[in-house]
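K.L.:
My questions will all concern the structure given below.
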Amino acid sequence: MVNKKTLLTLAVTAALAGGVSSAQAQSFGSIGQNALSAATGSMKSSAAGMLGNMLPSLSSASTSNLTGILGYCVQNNVLSGAGATSASSVLGTLTQQQGVTSSSSYSAGQQGLLQTGNNQMFSLANLQGQLKTKLCNMVLSKAQSLL
């Protein structure tokens, strides 16, 4: 038999992932409904912050790879508003630097593959929603510092 703690954990996890409607939460009973309510607001932003800490470091990524990743973010409309405008401007400047666009690291970045060092890759395709936006904002910030 599933205990209340397990139900609560499942309900909170599903709610934070955005995969539970209030009707679906009813299947968890009052525990699920309460968990869905609790998962909004500060708890949801807190969880996003914790998940954001699981994003890869950009410290080993080359200028070419960061430029390619930034291009991926712009092309896939991950950044919006002022962030998208700024990203396009930074992207234009970085792609004018000698050797940036001719690199295999740039090509990998355009495919959403962040080179994290030691021949390791992190795919942005595996991220959704706020995590992808957060990583693209991190790349934008790092790219701006390269100008």
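The sequence shown finishes on residue 923 if you use the numbering used here, and the numbering steps up by one all the way, no holes.
The beta-carbon is built from N, C-alpha and C at its ideal position, and this holds for glycine as well.
Keep in mind the model is a prediction, meaning the values are calculated, not measured.
Using the Cα positions of A860 and N894, report the straight-line distance between them to the nearest angstrom.
P.N.:
31 Å
K.L.:
Which same chain residues, not among the five before or five after F898, have their C-beta less than 6 Å away from its C-beta?
P.N.:
If you ignore the 5 residues before and after F898, its C-beta comes within less than 6 Å of the C-beta of P832, L890 and T892, all in its own chain and listed in chain order.
K.L.:
Between S862 and V850, how many whole angstroms is the CB-CB distance? I'm expecting something under 8 Å.
P.N.:
That pair is no contact at about 10 Å.
K.L.:
Between L842 and L834, which are expected to be in contact by the criterion C-beta below 8 Å, what is the C-beta distance as a whole number of angstroms?
P.N.:
Between L834 and L842 the Cβ distance is about 7 Å, and since that is below 8 Å, they are a contact.
K.L.:
Compute the distance between the beta-carbons of N869 and S840, then report whether it is under 9 Å.
P.N.:
Looking at the sequence shown, residue 869 is not Asn but Thr. No, Cβ-Cβ distance for T869 and S840 is not below 9 Å.
K.L.:
In the DSSP assignment, find the unbroken beta strand (DSSP E) run with L911 in it and report its ends.
P.N.:
Taken as a continuous stretch (DSSP letters only), L911 belongs to no beta strand (DSSP E), being part of the alpha helix (DSSP H) at G905 to S921.
K.L.:
Going by DSSP, what residue range makes up the alpha helix (DSSP H) through Q851?
P.N.:
T839 to Q851
K.L.:
What does DSSP give as the partner residues of L890 in its beta bridges?
P.N.:
Partner(s): F898.
K.L.:
I'd like to check one pair, L855 with A919: are the Cβ atoms closer than 9 Å?
P.N.:
Going by C-beta atoms, A919 is not nearer than 9 Å to L855.
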